[in-house]
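Reading through the structure tokens given below for one structure.
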Amino acid sequence: MAGRQDELAREQEVVDRLYARLDTLRASARARLADVRRSGPSGSPQNRSERDAFATLYSDRAARLDAVEDRLAFGRLDLDDGEQRYVGRIGLTDDEHRSLLTDWRAPAAQPFYRATAVQPDGVRRRRHVVTAGRTVTGIEDELLDLDAVTDGIDATTLSGEGALLASLAQRRTGRMGDIVATIQAEQDRIVRDELAGALVVQGGPGTGKTAVALHRAAYLLYAHRRLLERSGVLLVGPSRAFLRYIDQVLPSLGETGVVATTVAELVPGLRADAVEDGAAAEVKGRLLWRDAVRRAVRARERVPAADVPVRVDGVDLRIRRRDVRDAIARARRTHKPHNEARPTFVREMLNRLVDQYRTRTDAELSDHDVAVLLEDLRSDRDVRVALNLAWFPISAEKLVSDLWAKPHRLAQAAPELSAAERLLLHRAPGFPWTEADVPILDEAAELLGEDDSVAKAEARAREAARVAEVEYARRVLESSGAGGGLVDAETLASRFAESGPLLTTAERASADRTWTYGHVVVDEAQELSPMAWHAIVRRVPTRSLTIVGDVAQTSSAAGARSWDRALDAVLGGHWRIAELTVSYRTPAAVADAAQRVADAAGLPTSPLTAARDLPGALVLAPSTDPVDAAARAAADLAKEHVGPDGAGRVAVVAAAGTVPGLRAALADLLPAVLGSEEAARLAVQRPEDAQVTVVTPRDTKGLEYDAVVLVEPRDIVGAQGAGGRWGDLYVAMTRPTQRLVVVHAHELPAGLVHEG
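So the sequence shown is numbered by this note's numbering: it starts at 191 and just counts up by one.
Here it is, written out as structure tokens:
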């Protein structure tokens with residue numbers, strides 16, 4: 191035991207030195223940032239630009255250093271040549287540029303994840319260093335060179351996969367933790383795969399797909415910094431709740447510049463939070479909308495049925511059909527989007543009207559006369575109306591809204607649809623947008639042309655900063671009496687005002703619908719419709735993507751049942767696949783039951799091996815009153831798994847129609863369990879923040895809980911046979927890390943009860 195305590199003390203000394211160095215670098219970054227901000231916008235435009243660049247550099251550096259406080263160092267490699275190499279979240283060097291800590295993404299850290307006794311890769315011993323805050327609480331060693339035991343290595347510190355198993359046993363917190371200290375070899379190979387091309391990561395529940403995707407994003411930003419920091423990385427998740435769940439992972443890995451969004455938020459400034467029928471979403475998800483939207487745009491470029499008479503400056507003119515036809519053709523030849531090509535159409539028509547005016551009046555017109563006439567024509571109401579009818583300026587929202595609200599518009603644009611399918615899409619004017627509308631709106635925006643959204647975002651950020659700086663300057667003057675009344679707050683603020691762009695690359699990208707990224711990560715990718723894929727691939731012209739999902743867990747009617755059908759249409763077969771085969775989250779009894787259900791339903795599951803077994807992990811609980819029984823089961827599980835420190839998560843998962851009754855039943859029991867009325871209220875009103883919650887299977891996508899109470903599986907499946915929502919049941923069954931309790935009154939679906 192004394193030997194182990196000595197080892198702990200030695201590791202504590204190392205960790206103390208590393209944190210001291212981190213504190214020094216933080217203080218330096220903040221001091222340099224303060225110096226830059228105090229320097230003010232003096233000098234040439236080049237000097238001001240350099241100042242802004244340095245301000246961004248030091249600000250980003252400070253943010254990254256702040257984000258890696260937890261578990262700064264987590265591993266050590268003892269190498270054959272006697273070197274000891276520490277591995278952590280970021281790389282650290284001393285003042286002489288000697289390495290103190292190796293970034294987990296660096297090639298030198300790769301043996302920490304890949305080395306085995308068969309292929310030790312020059313490693314004698316791999317040590318996992320466990321910390322709480324800045325205190326070393328444990329060490330676990332894996333010996334890769336059997337001769338090393340006789341060479342002075344203390345056998346009392348040796349262990350197997352204790353670090354991994356300990357992380358799995360920890361209570362859930364409602365936020366995803368990184369796996370940087372416990373990445374397994376098959377995961378590491380995917381994390382470090384090349385940037386080029388589209389990589390599909392297929393894996394069953396609990397295999398760490400999301401964690402691998404996030405660590406891969408961090409690795410690519412590290413390995414290809416020069417390329418990706420200019421273009422950025424886009425992360426597309428299934429829901430805003432999912433993005434909240436993972437929002438601390440990338441900062442904890444030293445990366446703060448990723449744009450995270452959902453399909454519903456792909457178009458900046460658009461709210462798409464309404465829910466619609468799955469059948470309608472499936473129709474909207476088809477690729478036919480690429481052609482349908484183009485037809486809808488072309489329908490706003492039309493030749494009038496007859497010449498249109500107008501009178502300008504006392505002269506009778508005609509907007510002739512042949513002139514409109516020629517002007518439309520000329521505008522289309524610019525190959526610009528509809529709204530951006532409209533000035534060409536208008537200019538051509540106005541010039542033709544000027545020619546008519548010359549012919550009718552037989553007048554010699556000077557350049558000044560032509561300019562005046564053009565302005566008269568442009569401002570004439572009848573001319574404006576006629577030209578607008580011929581080439582209508584329109585927004586994407588108006589174009590798509592008219593498709594759903596006006597049956598003749600939809601029939602004209604999408605003749606491929608049946609009358610019944612068009613009826614599915616009909617909406618009253620002013621209806622709210624849904625997620626399935628967004629890719630179609632994105633297509634419309636692409637064909638219609640863009641606005642100045644980025645410039646507006648820059649202006650808003652600049653104005654907000656200016657207001658804050660003036661307020662700060664006012665407080666400085668009031669508290670110090672500086673300026674002697676000769677300098678006001680506006681003048682003082684201008685001395686330290688930012689003069690360059692205030693938005694980071696990620697902020698600029700998120701405000702710009704047309705931004706193209708260097709890499710895109712898509713999680714729960716099996717849920718995306720063909721049109722959603724079309725919208726995402728448009729944003730990454732290099733086709734560099736990490737696509738993460740499991741086609742056995744598809745819930746959306748518009749989603750993928752196979753990667754071939756989902757991706758070949760947009761990637762042309764240019765993609766590769768890697769599989770994750772070990773489930774680290776789900777206990778073996780639960781994983782086996784879920785696999786049997788999936789096999790009975792014919793779901794396309796991947797081969798899966800559970801990494802651990804827990805006694806009593808699966809409990810079948812028949813009841814004549816499933817709602818009351820489920821609420822009581824959740825309360826009992828909360829006593830076991832929910833802690834007063836905010837850790838621990840229990841979910842009751844049920845079909846949507848059962849959720850209100852379950853929340854009411856649980857609300858009566860939770861105050862006594864959770865210790866407060868407020869905690870009980872959260873479970874009912876804000877389930878995303880609650881330690882005990884009631885949700886539908888689709889709400890649990892990508893999430894995990896310590897324990898799950900699954901209520902009436904037959905109601906979740908719904909229709910029998912191929913039409914049933916078996917993917918939803920498969921998802922619901924595989925969320926817990928510790929225990930699954932199945933409460934039911936009806937007969938259980940095939941496979942849930944083990945016949946053997």
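Beta carbons are placed, not taken as given, at the ideal position from N, Cα and C, and that holds for glycine.
(request) Go ahead and label residue 674 buried or exposed: buried means 16 or more other beta carbons lie within 10 angstroms of its beta carbon, across all protein chains shown. (result) Interpretation of residue 674 is limited by its pLDDT of 47, a score under 50 that renders its predicted location unreliable; no figure is taken from the coordinates.
(request) State the Cα-Cα distance for the pair residue 781 and residue 850, rounded to the nearest angstrom. (result) When rounded, the distance between both Cα atoms is 29 Å.
(message) Within 10 Å of its beta-carbon, does residue 307 have 16 or more other beta-carbons around it, so buried, or fewer, so exposed?
(response) Exposed, since its Cβ has fewer than 16 Cβ neighbours within 10 Å.
(request) Take residue 858 as the anchor and find which of 831, 824, 885 has the nearest alpha-carbon. (result) Here the closest residue by C-alpha is 824.
(request) Compute the Euclidean distance between the alpha carbons of residue 404 and residue 440, then round it to the nearest angstrom. (result) Between the alpha carbons of residue 404 and residue 440 lies a distance of about 7 Å.
(message) Can you find the residues in the same chain that come closer than 8 Å, C-beta to C-beta, to residue 760, ignoring five residues on each side of it along the sequence?
(response) So the qualifying residues of the chain are 720, 723, 724, 727.
(request) Compute the distance between the beta-carbons of residue 172 and residue 844, then report whether it is under 7 Å. (result) No answer is possible for residue 172: it lies beyond the span of the chain, which begins at 191 and ends at 946.
(request) Using a threshold of 7 Å, state whether the C-beta atoms of residue 716 and residue 695 are closer than that. (result) Against a cut-off of 7 Å, the Cβ pair of residue 695 and residue 716 comes out as no contact.
(request) Decide if the region 611-630 is in contact with the region 455-467; the criterion is three or more beta carbon pairs, one per stretch, under 8 Å apart. (result) Flag = yes, the region 611-630 and the region 455-467 touch.
(request) In the DSSP assignment, find the unbroken beta strand (DSSP E) run with residue 276 in it and report its ends. (result) Residue 276 -> beta strand (DSSP E) spans 274-278.
(request) Please name the residue in 600, 809, 294 whose C-alpha comes closest to that of residue 261. (result) Put simply, of 600, 809, 294 the residue whose alpha carbon is nearest the alpha carbon of residue 261 is 294.
(message) Going by beta-carbon coordinates alone, are residue 483 and residue 514 separated by less than 7 Å?
(response) Cβ distance not < 7 Å, so residue 483 and residue 514 don't count as in contact.
(request) Please classify residue 518: is it buried, with 16 or more other beta-carbons within 10 angstroms of its beta-carbon, or exposed? (result) Residue burial annotation: residue 518 is buried, with at least 16 other C-beta atoms found within 10 angstroms of its C-beta.
(request) Please determine, among 538, 495, 804, 379, the residue with the shortest C-alpha to C-alpha distance to residue 511. (result) Comparing Cα positions, the closest option is 495.
(message) Quick check on this structure: which residue in 563, 892, 497, 801 has the alpha carbon closest to the alpha carbon of residue 431?
(response) Among 563, 892, 497, 801, the Cα nearest to that of residue 431 belongs to 892.
(message) Would residue 391 and residue 399 qualify as a contact pair, given that the criterion is a beta-carbon distance under 7 Å?
(response) Less than 7 Å separates the beta-carbon of residue 391 from that of residue 399.
(message) Per the DSSP calculation, residue 427 is bridged to which residue(s)?
(response) Partner(s): 452.
(request) Apply the 10 Å Cβ neighbour rule to residue 556 and answer buried if 16 or more other Cβ atoms are within range, or exposed otherwise. (result) So residue 556 ends up on the exposed side.
(message) Check for me: the beta strand (DSSP E) holding residue 883 runs from which residue to which?
(response) For residue 883, the enclosing beta strand (DSSP E) has its first and last residue at 882-885.
(message) My parser needs the alpha helix (DSSP H) runs of 4 or more residues fully inside the region 454-503; what are they?
(response) If one requires a minimum length of 4 residues, the alpha helix (DSSP H) runs lying completely within the region 454-503 are 468-474, 479-488, in chain order.
(request) Would you tell me roughly how many angstroms separate the C-alpha atoms of residue 383 and residue 418, rounded to the nearest one? (result) Going from the Cα of residue 383 to the Cα of residue 418 covers about 16 Å.
(request) Could you tell me which of 792, 226, 746 sits nearest to residue 248, measuring between CA atoms? (result) The candidate whose alpha carbon is nearest that of residue 248 is 226.
(message) If we require 3 or more residues per run, which beta strand (DSSP E) segments fall completely within the region 504-575?
(response) 505-509, all fully within the region 504-575.
(request) Spell out the partners DSSP gives residue 739 in its beta bridges. (result) According to DSSP, residue 739 bridges with 392.
(message) Can you tell me whether residue 646 is buried or exposed? The criterion is at least 16 other CB atoms within 10 Å of its CB, across all chains shown.
(response) Residue confidence is low: residue 646 scores 48 on pLDDT, short of 50, so the model does not pin down where it sits. No coordinate-derived value is stated.
(request) Measure the C-alpha to C-alpha separation of residue 601 and residue 379 and round it to an integer number of angstroms. (result) Cα to Cα, residue 601 sits roughly 50 Å from residue 379.
(request) Given a cut-off of 7 Å, decide if residue 841 and residue 933 are closer than it, judged by their beta-carbon atoms. (result) In this structure, residue 933 keeps its C-beta atom at 7 Å or more from the C-beta atom of residue 841.
(message) If I measure Cβ to Cβ from residue 741 and keep anything under 7 Å in the same chain, skipping five residues before and after, which residues do I get?
(response) For residue 741, where only same-chain residues beyond five positions count, the Cβ hits under 7 Å are 716, 750, 751, 752, 753, 794.
(request) Indicate the three-state DSSP secondary structure (helix, strand or coil) for residue 210 in the structure shown. (result) Secondary structure of residue 210 (DSSP, three-state): helix.
(message) I'd like the list of long-range same chain contacts for residue 209, defined as Cβ closer than 8 Å, with 5 residues on each side in sequence excluded.
(response) Counting only Cβ-Cβ distances below 8 Å, and skipping sequence neighbours, we find 262, 324.
(request) Figure out for me which residue from 315, 731, 381 has the closest Cα to the Cα of residue 297. (result) The candidate whose alpha carbon is nearest that of residue 297 is 381.
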